[in-house]
Every structure is written in C-alpha cells, then in structure tokens.
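The numbering of the sequence shown is this note's numbering, which starts it at 20 and goes up by one. For every residue, glycine included, the Cβ atom is placed at its ideal position computed from N, Cα and C. Worksheet: one structure, shown below.
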Amino acid sequence: MKSTSSSVCIWIATFGSICGIKSCVITAFGGANGSRRQPHHHHVVRKLSSSTLNSNLSGGSDSNVYNIIPNSISWEVFVSQANTSNKDKGVPTASSIMESFASFAPSPGVITVNAAIFHNQPNKAIGKGKGHLVRCIQKKEDLTLSAIEINNVDSVEKVYRIVTEHMRLTTVNPKACDCMKLYFEGNESLDEGDPTKAITLYNQALSLADRRTRQTSQLPKGSILMKRARAYLQRAANHRKILRSLVKDLTDTVPSASTMKILYQTASSHPELSASIFTRLAGDSKVNQGKFRQIRYRHDMHEFALLHATQDSLQATKLLPQSADAWYIAGECLAELRKLNESNQYYVRALALDPSRKDVLTGLMEKNKLS
C-alpha cells in the first residue's frame, strides 16, 4: 500500500484470530503534528464497548493490555469523523473530543491526536449512542506496544478517564477535566448567542487553568482567551445596538433649534402661553436627562466590553503566536477601538500566518485606511 499526499493509511489487524477482530483501514488526516507516516505496523486491537468502558472506568483496569514503561511511551489517538454532523446539545463534537485528548497530555508529544475515517468499519461499530469511535495506539519510539478501541465517547469526563485509567497517565490534574467542560459549555452558550453566560463559563474555566494545573496538562488557555474575547465582542455588539436605538429615540424627542425658536417666538407673542410652554419643556428635559443617563451607561458598557475583548485577544497572541485566529481577533478588537494602524499590523501578521485569508484581510485593512 502506498501513502498518498492527502492521507496516510494505517492497518489495524490482529495476530491470528485470537481476538476475533477483523482488520480495517484507518485514514488519518490533519494530525496535531502534521506528520505523515508510511503504513508499517500491525497492532493488537482490544475493543471496548461503551458499557465495558463505563465498567472499567468506574472500577476495574486492564493490566494485560498495557506494558507501561514510565517516561518512554507515547500515544497516537484517532478520532472518527463519522459523527461530525451530530449537533445534539451536551454531546461534544469530534473536534472537541480531539481537543480534550490533546489538552489532557501531561507534556507535549505524549499524546498525538488525529482526525480519522475508519474504512470497512460497519455502522454498528459506532454503537447506538451519539458519541465517537476512538482508537488509541500505545508506542515506544517506533515500536507499537498495543491498541484499544472505544465506542461512544460522548463526554469530556470519558476522555479524561480514558487518559488517566486506560492510558495510565495518572498525573493529569482532575481540574483539567472541569476546565475543559466549562470551556465547551461556554462555546455552546456563545454559539447560542448568550455572551454573558459564555463569559461566566470562560471565567470559571480560566480560574481552573492555573499554573499548577497546566504543569500536568496542556490546557488551551490561549484558545479560551480567544473565545472569551469573541464573547466580549458579541456583548459589545449587543450594547452598541441598544445604544443606537437610545440615541435615535433621544434625537426624535429633543426639540431642534428651529423648533425652539418657534416656541420662543410663540411665548413672546402670547405671554399667556409661556407658562405652559415652559412646563412642557421642563418635563421633556427631565425625561431626556434620563435618556442621556441610559446612553452614557450603554456607551460605558460598550467600551468596557471592547477593552476586555482587546486585552484577552492580545494575551492570546502571546500564548499562541502561530495562531492566525488570535492575530485576526486582536486586529478586529483594535479596529473596534478605533486603533486602526495597530489593527492593520495585527491583520498583516494574521495574513502572514494564513495566506488563504488574503481577500478578507486585505478588505479589512483597506477599510481601516479609509476610516
């Protein structure tokens, strides 16, 4: 079998018929390290159904599957993309499952995660649940030690227990699991258009992603900051919409200069009407003062949200200097703050990291120059 430019195929087979598992092909693409490998290893695959997994995770262990050699092994994880269309609330996407595995790695390189399509795999292999099929291959340098297959991986908790109990990477802090749960819940709230709830969840996630927790895991603090920046931008947009409505309402009710001139002339020509005209203007003035206060409040909240978004996005560029998304969001935040020259500098960096965004970023930079 020859590897192609678009994918790499790895045969998963059994030695003889001891396990009674048919061979199948994994097509892996978009791996965390971007590497491509020639198919050359045969692995013993132990299948774990969802019920078996839950039983093992809650108590038992499978010592026969593993030959753990501390500080010398690594894991390759393949996550099926068969359920990418699943959008059930509370069930993480395949990309979220992949991010969870990567985040629970005790140190860089211990867990490599790949999106995969399992060829010749019957539909029943995914199980009746709405989770994802995952295969984990244990390696020591170029030697494959063993492999396991888990059906219906449908939660961050299940990923955490696979890592800590089946992979035996026991140094991962339990706070890492809570952090990722809050992170994904925040993402759901943001997608549902509730930035306030999303920000609260991101705040809680970041409080758990402290230095001690990140010493035993690879928590995506930079990604959480980017998401919180996006949530603050969404909140700022909501405040701006209300602000514009308030300004329009005030503009419609405040008398224009020509109207005031007519009222003055009327009061001068008809003194008996001056008292009622004054009373009406005084009453309108009190109402308008209240509207002015509302406008000032919304303006301050709008600026507050923008400042927070900018702070988060700038910090994200320091944590993720190679992320085009981080530089793009920072440029967007700076543009909203009318820091147009600085915004373009961040857009230039984003373009250098991701040339495929040339049309979008060029248009934004031209807009900044014309503003």
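- A Cβ-Cβ distance of about 37 Å is found for the pair Leu209 and Ile92, leaving them out of contact under the 8 Å criterion.
- A residue is called buried when at least 16 other Cβ atoms come within 10 angstroms of its Cβ; Pro127 does not meet this threshold and is exposed.
- Nearest to Cys198 by C-alpha distance, out of Arg230, Met186, Asn171, Thr215, is Arg230.
- Under the three-state reduction of DSSP output, Gln100 falls in the coil class, being neither helix nor strand.
- Excluding five sequence positions before and after Leu220, the CB atoms of its chain that fall closer than 8 Å to its own CB belong to Leu201, Tyr202, Glu204, Gly205, Ser208, given in chain order.
- If you check the CB distance, Ser226 and Leu339 do not come in under 9 Å.
- When DSSP states are grouped into helix, strand and coil, His138 belongs to the strand group.
- Lys310 carries a helical assignment under DSSP once its states are collapsed to helix, strand and coil.
- The three-state secondary structure of Ala371, taken from DSSP, is helix.
- Put simply, the region 234-249 touches the region 108-125. At least three CB pairs are less than 8 Å apart.
- Beta-bridge partners of Gln364 (DSSP): none assigned.
- Shown here for Gly350: same chain residues with a beta carbon closer than 6 Å to its own, the five before and five after excluded, namely Ser362, Tyr365, Tyr366 in chain order.
- In the DSSP annotation of this structure, the continuous segment of the beta strand (DSSP E) that includes Ile156 starts and ends at 151-159.
- When rounded, the separation of the alpha-carbon atoms in Lys267 and Lys260 is 11 Å.
- Asn360 and Gly382 have their C-alpha atoms spaced approximately 14 Å apart.
- Of all alpha-carbon atoms in Thr131, Leu389, Leu265, the one lying nearest the alpha-carbon of Tyr316 is that of Leu265.
- Gly150 is not a Cβ neighbour of Val175, given a cutoff of 9 Å.
- Taken atom to atom, the span from the alpha-carbon of Glu322 to that of Leu356 is near 8 Å.
- When the five nearest sequence neighbours on each side are left out, the beta carbons in the same chain lying within less than 6 Å of the beta carbon of Met320 are those of His258, in order along the chain.
- When C-alpha distances from Ala328 are compared across Arg180, Val96, Lys280, Lys246, the shortest belongs to Lys246.
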